[in-house]
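Per our numbering, residue 112 is the first one in the sequence shown, and the count goes up by one each step. Here a beta-carbon is modelled for each residue, glycine too, at the ideal position from N, C-alpha and C. One structure is given below, encoded as structure tokens.
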Amino acid sequence: MSLTGRWGFRFVLGLRKMKGRLYRVQRTPMRRYGRGAGRAMAAVCISYENGFQRKAEKLSMKLDLPMVGEWQGEQLGLQQKLRRKASRQKRRNPEWVREGKEKDLGEFDYVMSVGKCLEVYSLERPFNPLKVDFQAGRAGYRIQNAVEGCDSNLIEKAVRVSHQPQIRVIDATGGLGLDAMILATRGANVTVIERCGVVFSVLQDGVIRAKQESFQHLDINVVFGDSIEYLKCYIGNVQLPNPNNDPRDHVSKLGYNDPPHVIYMDPMYPHHQQRRSGARKEMTVLRDLAGDDQDCVELLEVSLKTCLERVVVKRAIRAPPFTCAQKPLGYDLSLPGKSCRYDIYNSTRLPAV
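Next comes the structure, spelled out in structure tokens:
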């Protein structure tokens, strides 16, 4: 049984049997932090650990984000506890004013810490720091299974990695790059495109560390830019809105002058399509940093004109399929799983003259 409070809290009530008696249990209230379409993205700043100041300065200039100086991981964890404590006091008493001499990070929601690896600390949520590590945790487990061939992933069947060696794949929605890394371990040439600067930096850092330690043989590259502008470079001569940041430079540098065989999309699900249990930590942070993907239909149309074989779209199991002018009836084939499915759209690319 669940009740929703007037301030957006959700209380979950239940009964628990202990020593022959029934006790009513009230779990911790869960605040609704969702950032809907049209709202401002999270405020992010950059800090650095001892010895990484120059690296942080370069990253701050590249992403145009403010730098707040040297902060160790323990200090950021304490800042998170103080911020959440102050938030609780504010809800109880709107006139409450925090008193103390501790350093404060102002109105920033997230801090990207520059050290041996890039980590994103949430100051408003009870989350551990977010980082991309392809050798440990859930991501490491899935990749290790993919390397050993122990796990038959639906994404491999949808992309048809085993049917064509050195298949060229573009992951047009980036994110934390787990699916792209799985495809790369199966022998695909993968290019990941991410348009959110913070997410791109964390993903690129994880890929570089993975290549340096255990996955030197993988052919995977990360590109910072807009996927639609990037894919239009394969279609023909187009007028890009920002000539100073021409994605065609990335195409020539990577050597991918030939169009990709497959384009993979994993768009951010809108709030009404999320499961009632809530999204995982990674998805919640990604939504705060990058927001929802509002141009999925346009990206699908451009992808269908670009790829040589197919476009693979990952969707929630009950979500409606994407439709566009080339595919008014939706996908051509779908591979359903337990919680998601892979919709396959055959390419509509015109043959070369």
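The C-alpha of residue 324 is placed about 33 Å away from the C-alpha of residue 420. Non-local beta-carbon contacts of residue 452 in its own chain, meaning distances under 7 Å to residues more than five positions away in sequence, involve 426, 428, 445 and 446 in chain order. Residue 242 holds the alpha-carbon nearest to the alpha-carbon of residue 321 among 163, 377, 242 and 375. If the five residues before and after residue 303 are omitted, its C-beta is found closer than 6 Å to the C-beta atoms of 282, 285, 288, 291 and 333, all from its own chain and listed in chain order. The Cβ atoms of residue 424 and residue 379 lie no closer than 8 Å to each other. Per the coordinates, the alpha-carbon of residue 328 lies some 44 Å from the alpha-carbon of residue 215. CA-CA distance, residue 436 to residue 245, rounds to 38 Å. Here the C-alpha atom of residue 192 lies approximately 13 Å from the C-alpha atom of residue 220. Annotated three-state conformation of residue 296 is helix, per DSSP.
With a beta-carbon spacing of about 6 Å, residue 370 and residue 417 fall inside the 8 Å limit used to define contacts. Counted as a single uninterrupted DSSP element, the stretch harbouring residue 425 is not any alpha helix (DSSP H) but the beta strand (DSSP E) occupying residues 421-427. Shown here for residue 167: same chain residues with a beta carbon closer than 8 Å to its own, the five before and five after excluded, namely 157, 158, 159, 178 and 225 in chain order. Within the same chain, and ignoring the five residues on either side of residue 314 in sequence, the residues whose Cβ sits closer than 8 Å to its Cβ are 243, 285, 286, 287, 288, 303, 305 and 333. The residue among 456, 449, 316 and 450 with its C-alpha nearest the C-alpha of residue 439 is 456. The residues 455, 456 and 457, in chain order, have a CB closer than 7 Å to that of residue 443 in the same chain once the five nearest residues on each side in sequence are set aside.
With a cutoff of 8 Å on beta-carbon distance, residue 310 and residue 294 are scored as not near each other.
The beta carbons of residue 300 and residue 330 sit about 5 Å from each other, so the pair counts as a contact at 8 Å. The Cβ atoms of residue 374 and residue 414 lie closer than 8 Å to each other. Residue 334 is bridged by DSSP to 304.
By the criterion of a C-beta distance shorter than 7 Å, residue 154 is surrounded in its chain by 218, 219 and 220, once the five residues flanking it on both sides are discounted. In the DSSP assignment, residue 418 is bridged to no other residue. Take residue 181, set aside five residues on each side of it, and the residues of its chain with a beta-carbon closer than 8 Å to its own are 158, 159, 160, 161 and 164, in chain order. A straight-line Cα-Cα distance of about 41 Å links residue 169 and residue 268. The residue among 189, 183, 257 and 265 with its C-alpha nearest the C-alpha of residue 229 is 183.
Shown here for residue 406: same chain residues with a beta carbon closer than 8 Å to its own, the five before and five after excluded, namely 339 in chain order. Residue 448 has its alpha-carbon roughly 8 Å from the corresponding atom of residue 265. Taken in chain order, the unbroken stretches of alpha helix (DSSP H) that lie wholly in the segment 146-206 and span 4 residues or more are 164-174 and 184-203. Looking at 450, 392, 203 and 317, the one whose alpha-carbon comes closest to that of residue 251 is 317. For residue 404, the CB contacts under 7 Å within the same chain, skipping 5 residues up- and downstream, are 284, 378 and 379 in chain order. Rounded to the nearest whole angstrom, the CA to CA distance from residue 231 to residue 396 is 9 Å. Of all alpha-carbon atoms in 308, 222, 240 and 189, the one lying nearest the alpha-carbon of residue 174 is that of 308.
C-alpha of residue 240 to C-alpha of residue 234: approximately 10 Å in a straight line.
When 278, 400 and 409 are compared, the shortest CA-CA separation from residue 343 is found for 409.
For residue 451, the pairing in a beta bridge is given by DSSP as 427.
Runs of beta strand (DSSP E) with 3 or more residues, each lying fully within the segment 213-241, are found at 221-225 and 229-233, listed in chain order. Taken through DSSP and simplified to helix, strand or coil, residue 252 comes out as helix.
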